[in-house]
RNA sequence: CGGGGUGUAGCGUAGCCCGGUAUCGCGCCACAUUUGGGAUGUGGAGGUCGUAGGUUCGAAUCCUGCCACCCCGACCA
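In the numbering used here, the protein residues as written are 1 to 492.
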């Protein structure tokens, strides 16, 4: 705990990995590619869940739960979806173990217990859910179905990183079914807007809303909408997706309804999700070389109070004073921790709470008792001031708002200054190599060009921004005509 | 799956070339002194050296097999 973190400027990924572990957010587990989310990390995830869940419910969605396993025959029903995920599926083939006759005390898979049909551990739940929806839908009166589930999924990734890419991860997945294309499209963009609002207002993370190109589209969707964020090292991170599924799953699973006019129609679908990857985005967006910087609205502890004292009597006098402040903060709905442990010194605690990103730290010592003051330190700017005790609670209420706004503004300025317009391929390569960030450039609309650029630069089209303005131009690679700019970046 | 690397205490490591039962730091435990930016001292606990075999009087060290993990590619929310 005494060693400093690696510096972002020297070893960005080392900094990230160490920060996640040292701030007690998560650690690697005994299972390859799977993490243990520790209590402090999980409580941030819970705050995210609560905020999102509320937004989903306010827009008419309800939660349900579907099985972890998907029979292979269902999984393969929507061909593109199956093909897209096939390479990274965990598969259950047996249902029993037995003691190894040749190796005492060890277990082997019982060859007698082979499943008739393999079960896929869900990498996403469209298949099992649409199979279920088939039974739920007969009439237009049964629509829409607006369901979300909070679940874990498994994608057998080659290479994993805590929160950003793990073999098992937690997420929410919304799956909706509608009578008309218009309704489904509205749903798709509505959920995208919710994600963008959540990212900006809760995570203090500015995002670009856009549409994916065909290459980057969700397997089985007609269109994939996304929010894209920029990390401090200049790489982009896909922070959430909302898919317009068209009638693809309705066709695959034969989900039809009878309209008012008595006609049989296939239903229209959407699905949308965000995952524990958001934790990675949150960590990378704001934190510095001293540790985590958390936006106050998602911080499990918003205010920490550290006493500085000599002897038990000294602590008692400070504690009496502090207790009043604690009560007052709690009444205002501010989460506060009074760390009166005698096992660590104040300096140790200061460093510890900075590492953990607690937005506001109060310190009270003998000097303050005499002057009727208290020291207030903010994590985002690392500044300190001494205030009269009487003023501190209203000050903190304001301060938490200020911090939330400040880190958003800081991230926004960083993002905006790292969107570079580029009009030829030499500049494209140069900007990517020297500056990174988003590159706003014209593209001829073909997969071929996109693939070629990826091959040459590792950059992909993150999205076609929804607010892209019409502009006549030429593709940055092929020179073919183009009508608007798209955003390229190297991505996580 | 291709190419490279590493497994020694909770974590990070030295020792390996040249064989003699394991070094140092952090952390942990106890006591004392400390407490306005990661305290100090003294004492202490903790290791089948990844695993299975081989060579040897003797293996962390040499040889062989296996396993795991990490890095670089390919793949990816």
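Don't be surprised by glycine CBs; every beta carbon is placed ideally from N, CA and C.
Could you compute how far the alpha carbon of residue i sits from the alpha carbon of residue j?
i: residue 268; j: residue 249; result: 8 angstroms
i: residue 46; j: residue 299; result: 11 angstroms
i: residue 477; j: residue 460; result: 13 angstroms
i: residue 148; j: residue 301; result: 29 angstroms
i: residue 26; j: residue 473; result: 46 angstroms
i: residue 37; j: residue 468; result: 38 angstroms
i: residue 30; j: residue 378; result: 37 angstroms
i: residue 336; j: residue 374; result: 15 angstroms
i: residue 491; j: residue 238; result: 8 angstroms
i: residue 97; j: residue 90; result: 18 angstroms
i: residue 447; j: residue 113; result: 46 angstroms
i: residue 41; j: residue 141; result: 43 angstroms
i: residue 347; j: residue 23; result: 17 angstroms
i: residue 452; j: residue 425; result: 12 angstroms
i: residue 2; j: residue 400; result: Note that residue 2 has pLDDT 43, beneath the 50 cutoff, so the model's placement of it is unreliable and the number below is only indicative. Cα to Cα, the separation comes out at about 28 angstroms.
i: residue 406; j: residue 332; result: 22 angstroms
i: residue 484; j: residue 384; result: 47 angstroms
i: residue 344; j: residue 279; result: 29 angstroms
i: residue 487; j: residue 404; result: 27 angstroms
i: residue 329; j: residue 341; result: 20 angstroms
My output table needs one value for residue i: the three-state DSSP class, helix, strand or coil.
i: residue 2; result: For residue 2, the predicted model reports a pLDDT of 43, less than 50, meaning its position is unreliable and no value from the coordinates is stated.
i: residue 266; result: strand
i: residue 163; result: coil
i: residue 476; result: coil
i: residue 35; result: strand
i: residue 158; result: coil
i: residue 274; result: strand
i: residue 359; result: coil
i: residue 365; result: strand
i: residue 292; result: coil
i: residue 453; result: helix
i: residue 174; result: strand
i: residue 492; result: coil
i: residue 168; result: strand
i: residue 442; result: strand
i: residue 340; result: coil
i: residue 511; result: Nothing about residue 511 can be read from this structure; the chain reaches only from 1 to 492.
i: residue 144; result: coil
i: residue 139; result: strand
i: residue 297; result: helix
i: residue 22; result: helix
i: residue 13; result: helix
i: residue 43; result: helix
i: residue 468; result: coil
i: residue 151; result: strand
Under 9 angstroms, do residue i and residue j count as touching if we go by C-beta distance?
i: residue 221; j: residue 246; result: yes
i: residue 66; j: residue 177; result: no
i: residue 365; j: residue 389; result: no
i: residue 226; j: residue 235; result: no
i: residue 304; j: residue 358; result: yes
i: residue 198; j: residue 92; result: no
i: residue 445; j: residue 482; result: yes
i: residue 272; j: residue 195; result: yes
i: residue 146; j: residue 61; result: yes
i: residue 162; j: residue 55; result: no
i: residue 33; j: residue 124; result: no
i: residue 52; j: residue 172; result: yes
i: residue 255; j: residue 156; result: no
i: residue 120; j: residue 69; result: yes
i: residue 433; j: residue 253; result: no
Excluding sequence positions up to five away, which residues of its chain have a Cβ less than 6 angstroms from the Cβ of residue i?
i: residue 15; result: 5, 6 and 8
i: residue 219; result: 80, 81 and 84
i: residue 224; result: 212, 217, 218, 241 and 243
i: residue 326; result: 336 and 338
i: residue 233; result: 12
i: residue 208; result: 228 and 465
Could you pull out every residue in the same chain whose Cβ sits closer than 8 angstroms to the Cβ of residue i, ignoring the five residues on either side in sequence?
i: residue 422; result: 428, 431, 439, 440, 441 and 476
i: residue 110; result: 94, 96, 97 and 98
i: residue 44; result: 25, 279, 282, 294, 298, 299 and 300
Within the same chain, show all residues whose beta-carbon is closer than 7 angstroms to that of residue i, passing over the 5 residues directly before and after it, in chain order.
i: residue 412; result: 206
i: residue 21; result: 27
i: residue 10; result: none
i: residue 317; result: 369
Quiz item: Residue ranges of each beta strand (DSSP E) run of no fewer than 3 residues wholly in the region 59–133, ordered along the chain?
Solution: Taken in chain order, the complete beta strand (DSSP E) segments of 3 or more residues contained in the region 59–133 are 69–71, 91–94, 97–99, 107–109 and 114–121.
Quiz item: What residue ranges within the region 368–438 form continuous alpha helix (DSSP H) runs of no fewer than 4 residues, ordered along the chain?
Solution: Runs of the alpha helix (DSSP H) inside the region 368–438: 392–416 and 425–434.
Practice problem: Just list the alpha helix (DSSP H) runs in the region 176–246, keeping only unbroken ones of 4 residues or longer that don't cross its boundaries, in chain order. | Solution: Uninterrupted alpha helix (DSSP H) stretches at least 4 residues long and entirely within the region 176–246 occur at 181–201, given in chain order.
Quiz item: For the region 299–336, which segments carrying the alpha helix (DSSP H) assignment without a break, of at least 4 residues, lie completely within its bounds, in sequence order?
Solution: Inside the region 299–336, DSSP marks whole alpha helix (DSSP H) runs of 4 or more residues at positions 311–331, from first to last along the chain.
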